[in-house]
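Under my numbering, think of the first position of the sequence shown as 221, with each following residue one higher. Written below as structure tokens is the structure these notes are about.
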Amino acid sequence: MRFDATRLQSLYDRSTSALELTETKACTPPPAVVFPGSFNPFHQGHQQMLAVAREVLQRPVDLEISIENVDKPTLDAAEIADRVSHLPAEQRVWVTRAATFAEKSRLFPDCTFVVGVDTIQRLVAVKYYHDSSAASAAIEEIHARNCRFLVFGRLVHSRFLGCHDVAIPPRLSEICQSVPSHKFRADISSTEIRQARKTP
Numbered sequence: 221m222r223f224d225a226t227r228l229q230s231l232y233d234r235s236t237s238a239l240e241l242t243e244t245k246a247c248t249p250p251p252a253v254v255f256p257g258s259f260n261p262f263h264q265g266h267q268q269m270l271a272v273a274r275e276v277l278q279r280p281v282d283l284e285i286s287i288e289n290v291d292k293p294t295l296d297a298a299e300i301a302d303r304v305s306h307l308p309a310e311q312r313v314w315v316t317r318a319a320t321f322a323e324k325s326r327l328f329p330d331c332t333f334v335v336g337v338d339t340i341q342r343l344v345a346v347k348y349y350h351d352s353s354a355a356s357a358a359i360e361e362i363h364a365r366n367c368r369f370l371v372f373g374r375l376v377h378s379r380f381l382g383c384h385d386v387a388i389p390p391r392l393s394e395i396c397q398s399v400p401s402h403k404f405r406a407d408i409s410s411t412e413i414r415q416a417r418k419t420p
């Protein structure tokens, strides 16, 4: 997908919180399913997750890249443009400033987010909040905006973990739907791909 990177300026000057990069001028409905990620790079595992999410939820799936991240530097316009250029041309893509899922729920209410189980673990990790009550408040905000999670298993420390293999609060578990391993298992990560590219 190609687009004019100058369109991102409204995100950097904070005049907007989300920018849709659809290549059609036709009016499109708000997203029902959003797959957030850094997509650095967009790989086969992401493609499989997209396909399974469409099959399970019977809805189109939009991609979302945030220029801000809770534990990574802000992405510049050139980096965003490069990542978006490697996404499927027919795919609807959003670029946002929403670093957390509480923020994403404000942009995309009544939405199901497609995530890996490691992301669900980070969602309640106290280190990303001022204290444990802030983590609980974030979950309640996501509840209040009628958002849910479709959770894919991931390889974590050489072990494949599903949603039921990790400890998460009951209130979060209520809005999580787990994808069974027979539908999806991709032992691949963007980090491993980037490291392999650096190896001579």
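Glycine included, C-beta positions come from ideal geometry on N, C-alpha and C. Here the structure is a predicted model, which means the values were calculated and not measured.
Annotated as distal: I287 and R326, with beta-carbon spacing of 8 angstroms or more. Burial state of P293 is exposed, judged by a 10 Å Cβ sphere holding fewer than 16 other Cβ atoms. Counting only runs that start and end inside the region 243 to 312, the beta strand (DSSP E) elements of at least 3 residues fall at 253 to 256, 282 to 286. For V337 against G382, the beta-carbon gap comes to about 6 angstroms, under 8 angstroms, which counts as contact. Spatial neighbours of R279 in its own chain (CB-CB distance under 7 angstroms, excluding positions within 5 residues in sequence) are listed in chain order as A252, V253. Beta-bridge partners of E240 (DSSP): W314. Contact between the region 224 to 231 and the region 294 to 305 is established, with three or more Cβ pairs separated by less than 8 angstroms. By the beta-carbon neighbour count (other beta carbons within 10 angstroms, threshold 16), K347 is exposed. Inter-residue distance for F404 and S393 is about 20 angstroms (C-alpha atoms, whole angstroms). Inter-residue distance for I362 and F333 is about 11 angstroms (C-alpha atoms, whole angstroms). A direct Cα-to-Cα measurement between I340 and I388 gives close to 8 angstroms.
If you ignore the 5 residues before and after I359, its C-beta comes within less than 6 angstroms of the C-beta of R391, L392, all in its own chain and listed in chain order. Between A273 and G373, the alpha-carbon positions lie close to 13 angstroms from each other. If the five residues before and after F262 are omitted, its C-beta is found closer than 6 angstroms to the C-beta atoms of H306, L307, all from its own chain and listed in chain order.
Secondary structure of C383 (DSSP, three-state): helix. Judged by beta-carbon spacing, V399 lies within the 8 angstroms limit of L370, meaning their Cβ atoms are closer than that value.
DSSP places V334 in the uninterrupted beta strand (DSSP E) bounded by 332 to 336.
The beta carbons of F255 and V281 sit closer together than 8 angstroms.
Secondary-structure assignment with DSSP links S398 through a beta bridge to V371. DSSP, reduced to helix, strand and coil, places V346 within a helical segment of the structure shown.
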